[in-house]
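To start, the structure under review is shown below, and the notes come after it.
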Amino acid sequence: MQYVRFMKKCLALFLCCCLTFSSTLFAQKPSPAYEGNWVLIPDSSSFIPYFSGCELAVRQGKDSLQLSWKWLGGNPHIDQFAVALNGKPSSYPIDNRVWPYENFMGVNYIPGTQGVATYIPGRPAAFTVKNRYQIKIAQGQDWMEHRDEYALSPNGQLLTVKHYRNHRSRPMKYVFRKAGDKTAWVHAMKNNWLLKEGMGENAFFVSLQGVVNMDTARLYLDYPKDWEYKESGNLQSFYERRLGYNFLPLNTIAQALATFKDHIKGYIVWDKESRSSLCVAFTMAGLRNAVVVTPELVPLMETYHIPLSANLQGRFNGKSDYEVFSWAWHTYRDSCSKDYVLWMGGVDGDQMMPGIADFGVARKALVVDLSTAPKDTLEYRLSDSIMAYMNRFALVVGWHSYAKDLERHYVTLASRHGLRVEGLNTFPNLSFTSRTPPSKDFRYKNNHQLVKGKNYVPQNKVYITCVQTDGLGLGSWNSPHRGSIPYSWEVTINWHWMAPVLLQYYYENATPNDYFFGSLSGPGYMYPKAIPDSLFVPLMQIADSLCKQLDLNVFETMDYSEGSSGTGNNDLPKDLVEKYFKAMPDMLGILNGYAPSYTFGMVDKKPFISYDYYLDERIPEQDAADDLNELIAINGRKPYFLALHVREWNDIERVKRILDKIQGPKEVIALDVFLKLAAANPTWKEYYLPRKK
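Using mature numbering (1 follows the signal peptide of the UniProt record, and there is no 0), the letters of the sequence shown correspond one by one to residues -27 to -1, 1 to 666.
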């Protein structure tokens, strides 16, 4: 009898526990981090037919969860309902036939019927909602059941909804970002850069971007897919997903004027017959907070009551570039920035690609397109005067003219004045990126491969390290094969403040096989032999500080101030190499060159290694493999350390195929491991450029 009473008590206690557990289970609420508005990230989500996007709103009451799915487009559709948190089914009315998940399938809701939603709790950062409703199909009616599994990312900034349906084998996936409080506008640039065709609209938007971004980031430009810098679309998505930006589209000039008319103080008419007039117009735009326009846009300016600031039509008829820019220099130099000057080079003649011009406008820089080649006496002297006028360590932004001079002329002249080059003319959105810090939780962290305390002893084999230069924005970063072999990537260290979010994008998307190193020759693109001796160490200390902030412990130099590798001398004297290591004491080593160079040495047990091969993207794969095998045979002493400079347009899979053809023992390794092994057994012949007596 006592046993029976004991069992009854146990059963009662068990039932009480079950009821308590059940009550707790169904009363479990979603994390408060779900609440708010969410915006679909199309690139990370399943394809959505018909609709252009989706917004999800989550609101939590005392006993229920309010969910609203708004499918965007010309005819938006909203599904919204409340679901009880106690696990009991909740009914909701269906009053629209549109079934939004696949609008091009023969499936519709049935207006006038009721849907049923049921809440199922999960982990603190996950829950499920089941929906059941009737649908209309070709063969009459049926029941549709779908299950949405909601899950937050660890940082709470992404919400992934996996959408399962009872007749579908694989789920759909919808990834949402938190709708942030940062709003900006975006305009898609036209892919026409001819002065008499597409430049009218494009130049307007570039100048507008510079004007409205002078104090904060308001306007972003999405450049065409074949633009030299490929990342404008990906970076916009990164701003949305990682930094919580909402971008509103600006499709027309009229829409842009209506949005930003309070920021625009005037308009400047440039002459489509004079490329240099557009450069002058960009200079004036920055000084006057004005936009640049062609004559056909004047009526639109008048409609929005934008006053005329200047009319350059015919102003420079018959004038040479020297005369135009000499006039602009003497007229505006006292008003322009002494920290930035902009070279609008690149393509010439009847076109211009002014991706960098927004930054020039925003920083009130003088914009010119002058030759820096000594043979062009007048333009060279004017270029020299402009650079001499700038502040110490100022930036020369943009690029030389492909029709007038050479890269080495441009960088040499800037370096002689201690100025730092930041190219190219096609680098877009700097007025925006320089005004946006990275996310608060981001830290620059490189993929260092060296193991602390490990003794690195090289074997008798060929060690190869693959290095891509010419900046991260160009070349094969977007290759699907990136990460399959160790690869090193040149970082433009001034992006730390000019484009920190762009660097965050690269750092956070790097694979363990992607290793970053600093460039190029200084805190900007410079030629060390051309830098005045009194400025060298202070400049390299700036570079060292930037590298430390970016977690970079390898640096790169290049010097074409005495001609290119084919016709000149790109080696460095020992005292300059020693100055580098003294100013940058924490560097593991330094790379040198572009095409092969011959400066090799050790300073304080740290290697200074020149590139031994330049992999042109045009060379046939077998020829490149034959070159490398011959080079290895010539350098017969092992270990042999081969620094392979990969021209940026080479595909990584192509590089792998070439490396596979190399004969004998070899290993492709990360750059920091390469330098550590090289320091342990430097088999090269030490060489430095003798100083001229």
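A virtual CB, placed ideally from N, CA and C, is assigned to each residue, including glycine.
> Which residue from A161, H119, M162, A152 puts its Cα closest to that of S142?
Replying inline: Residue mapping note: residue 142 aligns to position 169 of the sequence shown, counting from 1. Cα-wise, what sits closest to S142 is H119.
>> Can you tell me where the beta strand (DSSP E) holding L38 begins and where it ends?
In response: Locating residue 38 in the sequence shown gives position 65, where the first residue counts as 1. Residues 37 to 45.
> Going by DSSP, which residues form a beta bridge with D487?
Replying inline: As a working note, residue 487 is residue 514 in the sequence shown. The partner list for D487 (beta bridge, DSSP) reads Y460.
> Just how far apart, CA to CA, sit P655 and L601?
Replying inline: Position 682 of the sequence shown, counted from the start, is the residue given in the question as residue 655. Position 628 of the sequence shown, counted from the start, is the residue given in the question as residue 601. Distance between the alpha carbons of P655 and L601 is about 20 Å.
> Nearest to V56 by alpha carbon, out of D596, G333, V12, T101?
Replying inline: Your numbering for residue 56 matches position 83 in the sequence shown. With distances taken between Cα atoms, V56 lies closest to T101.
> With DSSP run on the structure shown, which of helix, strand or coil describes R150?
Replying inline: For the purposes of this step, residue 150 is taken as residue 177 along the sequence shown, with counting starting at 1. R150 falls in the strand class under three-state DSSP.
> Around the C-beta of L(-3), are 16 or more other C-beta atoms found within 10 angstroms, so that it is buried, or is it exposed?
Replying inline: The residue labelled residue -3 in the question sits at position 25 within the sequence shown. Low confidence applies here, because L(-3) scores a pLDDT of 43, under 50, leaving its location unreliable and the question unanswered by this model.
> Which residues mark the beginning and the end of the beta strand (DSSP E) in which T91 is found?
Replying inline: Stepping through the sequence shown from its first residue, residue 91 is reached at position 118. Per DSSP, T91 belongs to the beta strand (DSSP E) from 87 to 94.
> Any idea if R381 is buried or exposed, counting beta-carbon neighbours within 10 angstroms, 16 or more meaning buried?
Replying inline: Here the question's residue 381 lines up with position 408 in the sequence shown. Buried.
>> Please report the distance separating the alpha-carbon of M363 from that of S247.
In response: For the purposes of this step, residue 363 is taken as the residue at position 390 of the sequence shown. For the purposes of this step, residue 247 is taken as the residue at position 274 of the sequence shown. Each residue's alpha carbon lies about 27 Å from the other.
> On the three-state DSSP scale, how would you describe F20?
Replying inline: What you label residue 20 is simply residue 47 of the sequence shown in a count that begins at 1. Note: F20 maps to coil in three-state DSSP.
>> Helix, strand or coil, according to DSSP, for W468 in the structure here?
In response: Along the sequence shown, one-based indexing puts residue 468 at 495. Helix, per DSSP.
>> Quick check on DSSP: helix, strand or coil for K649?
In response: Here the question's residue 649 lines up with position 676 in the sequence shown. K649: helix per DSSP, three-state reduction.
> Quick one, which of L315, R336, W302 has its alpha-carbon nearest R354's?
Replying inline: Your numbering for residue 354 matches position 381 in the sequence shown. Cα-wise, what sits closest to R354 is W302.
> Below 8 Å between beta carbons: does that hold for K135 and K146?
Replying inline: By 1-based counting over the sequence shown, the position of residue 135 is 162. By 1-based counting over the sequence shown, the position of residue 146 is 173. A contact, by the Cβ cut-off of 8 Å.
>> Among the candidates Q87, I110, G113, L216, whose CA atom is the shortest distance from the CA of N104?
In response: Residue mapping note: residue 104 aligns to position 131 of the sequence shown, counting from 1. Closest option to N104, Cα to Cα, is Q87.
>> Please report the distance separating the alpha-carbon of A176 from that of A229.
In response: Locating residue 176 in the sequence shown gives position 203, counting from the first residue. Locating residue 229 in the sequence shown gives position 256, counting from the first residue. When rounded, the distance between both Cα atoms is 13 Å.
>> Counting C-beta neighbours from all protein chains within 10 Å, is the total for V619 16 or more, i.e. buried, or is it exposed?
In response: If you number the sequence shown from 1, residue 619 lands on position 646. It is buried - the Cβ of V619 has at least 16 other Cβ atoms within 10 Å.
> Do the CB positions of R336 and S308 come within less than 8 Å of each other?
Replying inline: The residue you call residue 336 lines up with position 363 of the sequence shown. The residue you call residue 308 lines up with position 335 of the sequence shown. Not a contact, by the Cβ cut-off of 8 Å.
> Going along the chain, which residues of its own chain have a beta-carbon closer than 8 Å to the beta-carbon of N186, five neighbours each way excluded?
Replying inline: By one-based count along the sequence shown, residue 186 stands at place 213. Answer for N186: L192, D331, A335, S404, F405, R408, listed in chain order.
> Excluding the five sequence neighbours on either side, which residues of its own chain have a C-beta within less than 7 Å of the C-beta of P473, listed in chain order?
Replying inline: Counting from one through the sequence shown, the residue named residue 473 turns up at place 500. Counting only Cβ-Cβ distances below 7 Å, and skipping sequence neighbours, we find P410, P411.
> Got a sec? Which residues, its chain only, sit under 7 Å from R306 by beta carbon, not counting five neighbours each side?
Replying inline: One-based indexing of the sequence shown puts residue 306 at position 333. Excluding residues within five positions, the ones whose Cβ falls inside 7 Å are L339, Y362.
> Roughly how many angstroms lie between the CA atoms of Y375 and K348, to the nearest whole one?
Replying inline: Position 402 of the sequence shown, counted from the first residue, corresponds to residue 375. Position 375 of the sequence shown, counted from the first residue, corresponds to residue 348. Their backbone Cα atoms lie some 15 Å apart in a straight line.
> Just how far apart, CA to CA, sit L423 and H373?
Replying inline: Taking the sequence shown and counting its residues from 1, one reaches residue 423 at position 450. Taking the sequence shown and counting its residues from 1, one reaches residue 373 at position 400. Approximately 39 Å, taken between the alpha carbons.
>> Assuming E463 and E529 are in contact, meaning their beta carbons sit under 8 Å apart, how far apart are those beta carbons, in whole angstroms?
In response: Along the sequence shown, read from residue 1 onward, the residue named residue 463 stands at position 490. Along the sequence shown, read from residue 1 onward, the residue named residue 529 stands at position 556. Sure, about 6 Å apart at Cβ, within 8 Å.
> Using a Cβ-Cβ cut-off of 6 Å (strictly less than) and excluding sequence neighbours within five positions of A516, which residues of its own chain qualify?
Replying inline: Along the sequence shown, read from residue 1 onward, the residue named residue 516 stands at position 543. The answer, listed in chain order, is G495, P496.
> For the 8 Å Cβ check, are there 3 or more pairs between the stretch 536 to 549 and the stretch 604 to 618?
Replying inline: no
> Helix or strand or just coil, what does DSSP make of F(-7)?
Replying inline: Taking the first residue of the sequence shown as position 1, residue -7 is located at position 21. Reliability of the predicted coordinates at F(-7) is poor, the pLDDT of 43 falling under 50, and the value obtained from them is presented with this limitation in mind. Helix, per DSSP.
> What is the rounded straight-line gap between the Cα of K665 and the Cα of R365?
Replying inline: Position 692 of the sequence shown, counted from the start, is the residue given in the question as residue 665. Position 392 of the sequence shown, counted from the start, is the residue given in the question as residue 365. Computed Cα separation, rounded: 27 Å.
> I think I241 touches L285, with their Cβ atoms under 8 Å apart; what is that distance to the nearest whole Å?
Replying inline: Counting from 1 along the sequence shown, the entry for residue 241 is found at position 268. Counting from 1 along the sequence shown, the entry for residue 285 is found at position 312. About 7 Å separates the two Cβ atoms, so the contact holds.
>> Taking 8 Å as the limit between beta carbons, can you name the residues of its chain near I625, skipping five residues before and five after?
In response: Along the sequence shown, one-based indexing puts residue 625 at 652. Cβ neighbours of I625 beyond the five flanking positions: S449, S452, H454, R455, S457, I458, Y460.
> How big is the Cα-Cα spacing for R627 and D596?
Replying inline: Position 654 of the sequence shown, counting from 1, holds the residue named residue 627. Position 623 of the sequence shown, counting from 1, holds the residue named residue 596. Approximately 13 Å, taken between the alpha carbons.
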